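*Asks:* Starting off with a structure, shown below.
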Amino acid sequence: MTLRSIHKIIHPQPRPMGPLTMHQPLPAAGLDQIDPFLLLHHHGPQVFPAHNNGLPFSPHPHRGFETVTFIYEGDVQHRDSSGFASTIKKGGVQWMTTGSGLVHAEESSEEFLESGGPVELIQLWTNLPARYKMVKPNYTGLQEQDIPLASVDKGSVAVISGEWNGIKGPIQPLIDLSLANVSLQTGGSFTRTIPAQQNILFYLLNGSIIVNGREVNNRSLVQFANDGDEITVEATSDSRILIGSAEPLNEPVVAHGPFVMNTYEEIQQAITDYQLGKMGVL
Ligand code: MN
Numbered sequence: 217m218t219l220r221s222i223h224k225i226i227h228p229q230p231r232p233m234g235p236l237t238m239h240q241p242l243p244a245a246g247l248d249q250i251d252p253f254l255l256l257h258h259h260g261p262q263v264f265p266a267h268n269n270g271l272p273f274s275p276h277p278h279r280g281f282e283t284v285t286f287i288y289e290g291d292v293q294h295r296d297s298s299g300f301a302s303t304i305k306k307g308g309v310q311w312m313t314t315g316s317g318l319v320h321a322e323e324s325s326e327e328f329l330e331s332g333g334p335v336e337l338i339q340l341w342t343n344l345p346a347r348y349k350m351v352k353p354n355y356t357g358l359q360e361q362d363i364p365l366a367s368v369d370k371g372s373v374a375v376i377s378g379e380w381n382g383i384k385g386p387i388q389p390l391i392d393l394s395l396a397n398v399s400l401q402t403g404g405s406f407t408r409t410i411p412a413q414q415n416i417l418f419y420l421l422n423g424s425i426i427v428n429g430r431e432v433n434n435r436s437l438v439q440f441a442n443d444g445d446e447i448t449v450e451a452t453s454d455s456r457i458l459i460g461s462a463e464p465l466n467e468p469v470v471a472h473g474p475f476v477m478n479t480y481e482e483i484q485q486a487i488t489d490y491q492l493g494k495m496g497v498l
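Add 216 to a position in the sequence shown, counting from 1, and you land on the number used in the numbering used here.
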């Protein structure tokens, strides 16, 4: 076992996105992606008042990757042009394979619009290899009770995909990709072994931890080098961490707005197909 060294720690600045306060640690200056992890938006935590206008994600298209939405507070009512629809509440996850293309909306439930309340979300984009970019779109909504928990010292791990201490996540991604939400109380700790060739997404939502000997605080993305296979974390206050891991795709990435393909020609095709209604309509 060799501890991985830390390459960089990114502290995103807040920026407004409609009614949301958003932090974007990925991509960041000098960090286009952590292949295959493309983008991470952390919305909130914040409180929406009663009689609010809800989340600002009206119908828009996607092609060529997967989106994973983590609902830490509030709710997200998903519907898309492939006919999938569900409202996922606090503690749940929405996993969407955009594949060949769809149009989706992510809105607040009628109940939330009426009563308001706390909101905290993460939206994560994970890339698909060329061979899967044009697969049929798919969507899975998981409520909190659908996600099994593994236990660590003074903490728990909600396993969404991959495995943690023998607990398997309910999602089987197209590529071998692990995703889990770790909650630690002060003094809690864990060690995770991840093969050196895999890339790691490591985002501390809140709290303070020591990870591989470095102190990291509140809303930090930790970028690891590929020089070891072990991560050790100790919480110095109550902390929550989103952890993912996967082998890099090592393919060209051409991203344009909501489309992520391998070539400019494929982006042009995506725009044309969307305009022709081939991704469906909502
Ligand atoms: Mn979207």
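Just so you know, even glycine gets a beta-carbon here, dropped at the ideal spot from N, CA and C.
Small disclaimer: the values here were computed from a predicted structure and weren't measured.
Near Asn433, what residues of its chain come up, given a Cβ to Cβ distance below 7 Å and the 5 sequence neighbours on each side ignored?
*Replies:* Counted from its first residue, the sequence shown places residue 433 at position 217. For Asn433, where only same-chain residues beyond five positions count, the Cβ hits under 7 Å are Ser424.
*Asks:* Which of the three DSSP states is assigned to Gly329 in this structure?
*Replies:* Taking the sequence shown and counting its residues from 1, the one referred to as residue 329 is at position 113. According to the sequence shown, residue 329 is Leu rather than Gly. In the structure shown, Leu329 sits in a helix (DSSP, three-state: H, G or I).
*Asks:* The alpha helix (DSSP H) with Ile250 in it runs from where to where?
*Replies:* Here residue 250 corresponds to residue number 34 of the sequence shown, with the count starting at 1. Where Ile250 is concerned, there is no enclosing alpha helix (DSSP H), given that its DSSP letter is neither H nor E.
*Asks:* Between which residues of its own chain and Glu446 is the CB-CB distance below 7 Å, once the five residues before and five after are set aside?
*Replies:* Residue numbering aside, residue 446 sits at position 230 when the sequence shown is read from its first letter. Answer for Glu446: Met217, Thr218, Leu219, Arg220, Thr407, Thr409, listed in chain order.
*Asks:* In angstroms with no decimal places, state the Cα-to-Cα distance between His267 and Phe273.
*Replies:* Taking the sequence shown and counting its residues from 1, one reaches residue 267 at position 51. Taking the sequence shown and counting its residues from 1, one reaches residue 273 at position 57. Taking the straight line joining both Cα atoms gives about 17 Å.
*Asks:* From Glu327 to Asn466, what does the alpha carbon distance come to, in whole angstroms?
*Replies:* Numbered from its first residue, the sequence shown carries residue 327 at position 111. Numbered from its first residue, the sequence shown carries residue 466 at position 250. Distance between the alpha carbons of Glu327 and Asn466: 44 Å.
*Asks:* Put Glu481 into one of helix, strand or coil per three-state DSSP.
*Replies:* Here residue 481 is taken as the residue at index 265 of the sequence shown, counted from 1. In this structure, Glu481 counts as helix in the three-state DSSP scheme.
*Asks:* Report, in whole angstroms, the separation of the C-beta atoms of Asp398 and Val427, which I expect to be a contact under 8 Å.
*Replies:* Working through the sequence shown from its first residue, we reach residue 398 at position 182. Working through the sequence shown from its first residue, we reach residue 427 at position 211. For clarity, residue 398 is Val in the given sequence; the question names Asp instead. That pair is no contact at about 11 Å.
*Asks:* Per DSSP, what kind of secondary structure is Asp392 in: helix, strand or coil?
*Replies:* Within the sequence shown, the letter at position 176 stands for residue 392. If DSSP states are grouped into helix, strand and coil, Asp392 belongs with coil.
*Asks:* Check this for me: beta carbons of Thr303 and Asn354, under 8 Å apart or not?
*Replies:* Sequence index remark: in the sequence shown, residue 303 carries index 87 (1-based). Sequence index remark: in the sequence shown, residue 354 carries index 138 (1-based). No, these two residues do not count as a Cβ contact at 8 Å.
*Asks:* In terms of alpha-carbon separation, which member of His278, Glu360, Glu481 lies closest to Gly473?
*Replies:* Position 257 of the sequence shown holds residue 473. Closest by alpha carbon: His278.
*Asks:* Any idea what DSSP makes of Gly362, helix, strand or coil?
*Replies:* Here residue 362 corresponds to residue number 146 of the sequence shown, with the count starting at 1. In the sequence under discussion, the amino acid at residue 362 is Asp, which differs from the Gly named in the question. Three-state DSSP puts Asp362 in a helix.
*Asks:* For Glu289, which residues from the same chain have a beta carbon less than 7 Å from its beta carbon, with the 5 sequence-adjacent residues on both sides left out?
*Replies:* Your numbering for residue 289 matches position 73 in the sequence shown. So the list reads Gly260, Pro261, Lys306, Pro334, Val335, Glu336, once near-sequence residues are dropped.
*Asks:* Since I believe Leu421 is in contact with Leu365 (beta carbons under 8 Å), could you give me their beta-carbon distance rounded to a whole number of angstroms?
*Replies:* Within the sequence shown, numbered from 1, the residue matching residue 365 stands at position 149. Within the sequence shown, numbered from 1, the residue matching residue 421 stands at position 205. Contact doesn't hold; Cβ gap of about 17 Å is too wide.
*Asks:* Which class does Thr488 belong to by DSSP, given the choice of helix, strand or coil?
*Replies:* Taking the sequence shown and counting its residues from 1, the one referred to as residue 488 is at position 272. It is helical.
*Asks:* When you compare only the Cα positions, how much space is there between Ser297 and Ile483?
*Replies:* In the sequence shown, the residue the question calls residue 297 occupies position 81. In the sequence shown, the residue the question calls residue 483 occupies position 267. Whole-angstrom Cα-Cα distance: 20 Å.
*Asks:* Is any non-hydrogen atom of the ligand MN found closer than 7 Å to the C-beta of Thr499, if you look at the structure I gave you?
*Replies:* The question about residue 499 has no answer, for the chain in this structure spans 217 to 498.
*Asks:* Give me the Cβ distance between Leu417 and Ile226, rounded to the nearest whole Å; I'm assuming they're in contact under 8 Å.
*Replies:* As a first step, residue 417 must be located in the sequence shown, where it is residue number 201. As a first step, residue 226 must be located in the sequence shown, where it is residue number 10. With 8 Å as the limit, Leu417 and Ile226 do not qualify as a contact, their Cβ atoms being about 12 Å apart.
*Asks:* On the three-state DSSP scale, how would you describe Ala346?
*Replies:* Start at 1 with the first residue of the sequence shown, and residue 346 comes out as number 130. Reduced to three states, the DSSP call for Ala346 is helix.
*Asks:* Select from Ser436, Asp489, Pro468 the residue whose C-alpha is nearest the C-alpha of Gln240.
*Replies:* Here residue 240 is taken as the residue at index 24 of the sequence shown, counted from 1. The residue with the shortest Cα to Cα distance from Gln240 is Ser436.
*Asks:* Verify the contact flag: His472, CB atom, against every heavy atom of the ligand MN, threshold strictly below 7 Å.
*Replies:* For this step, residue 472 is matched to residue 256 along the sequence shown. His472 Cβ: outside cutoff for every heavy atom of the ligand MN.
*Asks:* Smallest Cα separation from Leu256: which of Pro230, Leu340, Glu282, Pro389?
*Replies:* Translated into the one-based positions of the sequence shown, residue 256 becomes position 40. With distances taken between Cα atoms, Leu256 lies closest to Leu340.
*Asks:* Would you tell me roughly how many angstroms separate the C-alpha atoms of Pro252 and Thr356, rounded to the nearest one?
*Replies:* On the sequence shown, residue 252 is found 36 positions in, with the first residue counted as 1. On the sequence shown, residue 356 is found 140 positions in, with the first residue counted as 1. When rounded, the distance between both Cα atoms is 20 Å.
*Asks:* Indicate, with yes or no, if the ligand MN has a heavy atom lying under 7 Å from the CB of Thr356.
*Replies:* Reading the sequence shown from its first residue, position 140 is the one you call residue 356. Checking every heavy atom of the ligand MN against the Cβ of Thr356, none is found closer than 7 Å.
*Asks:* Is the Cβ-Cβ distance between Thr342 and Phe281 less than 8 Å?
*Replies:* Walking along the sequence shown from the start, residue 342 turns up at place 126. Walking along the sequence shown from the start, residue 281 turns up at place 65. Yes; because the gap between Cβ atoms is below 8 Å, this pair is in contact.
*Asks:* Note the first and the last residue of the continuous beta strand (DSSP E) segment covering Gln414.
*Replies:* Locating residue 414 in the sequence shown gives position 198, where the first residue counts as 1. From DSSP, Gln414 is part of no beta strand (DSSP E); its letter is neither H nor E.
*Asks:* Quick check: is any heavy atom of the ligand MN less than 7 Å from the C-beta of Thr283?
*Replies:* Here the question's residue 283 lines up with position 67 in the sequence shown. Yes, the beta carbon of Thr283 sits closer than 7 Å to at least one heavy atom of the ligand MN.
*Asks:* By how many angstroms is the C-alpha of Ser394 removed from the C-alpha of Ile222?
*Replies:* On the sequence shown, residue 222 is found 6 positions in, with the first residue counted as 1. On the sequence shown, residue 394 is found 178 positions in, with the first residue counted as 1. C-alpha separation (whole angstroms): 20 Å.
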